[in-house]
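Here is the structure we will look at, set down as structure tokens.
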Amino acid sequence: MKEKLIINRFWYGFIQWKMEKDWQNSTEIESEFQNIRAMTGLNSIEDIVQKFASKNENHNILIQKIAKPEKNLGDLKTENENTRKQLQELLLVKGENNDRPHNSELRAIEGQLKQKTKSLIA
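In this note's numbering, the protein residues as written are 307 to 428.
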């Protein structure tokens, strides 16, 4: 009989401790849920989960849309660098003849370089 009483007291103490711990955990979770509700303006858990899931999908779509323009930008930068090198070579070659300002080919390349630079900036 004493053994049963001791076991029951021990069991009661354990169950009470577990219940208090679970209550504290649920209070923390409820508090965080209320913070999320206040920030998002949504009331149901399903709506909150859907909003976060759609944000993740939107983020992935935007990353994919950015990849192509970044590649194009890299290609344009390479092309711009090559055009600059060609221009520099022409300046060196034409500079020896002292007719650099009057050369129409040089002006055309300078114009192309300016256009490429403007398109890179925009």
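In this text, a Cβ means the ideal position worked out from N, Cα and C, and glycines have one as well. Keep in mind that this is a model prediction, so the values were computed, not measured.
Taking the Cβ atom as the reference point for each residue, do residue i and residue j lie within a distance shorter than 7 Å?
| i | j | result |
| --- | --- | --- |
| Thr389 | Leu426 | no |
| Leu412 | Leu396 | yes |
| Asn378 | Lys422 | no |
| Ile415 | Leu393 | yes |
| Thr346 | Ile335 | no |
Just to confirm the assignment, what range does the alpha helix (DSSP H) spanning residue i have?
| i | result |
| --- | --- |
| Met307 | First-last for Met307: undefined, no H or E at that position. |
| Ser425 | Ser410 to Ile427 |
On the three-state DSSP scale, how would you describe residue i?
| i | result |
| --- | --- |
| Arg406 | Unreliable placement is indicated for Arg406, whose pLDDT of 49 sits below 50; the coordinate value is still reported in the next sentence. Helix at Arg406. |
| Leu348 | coil |
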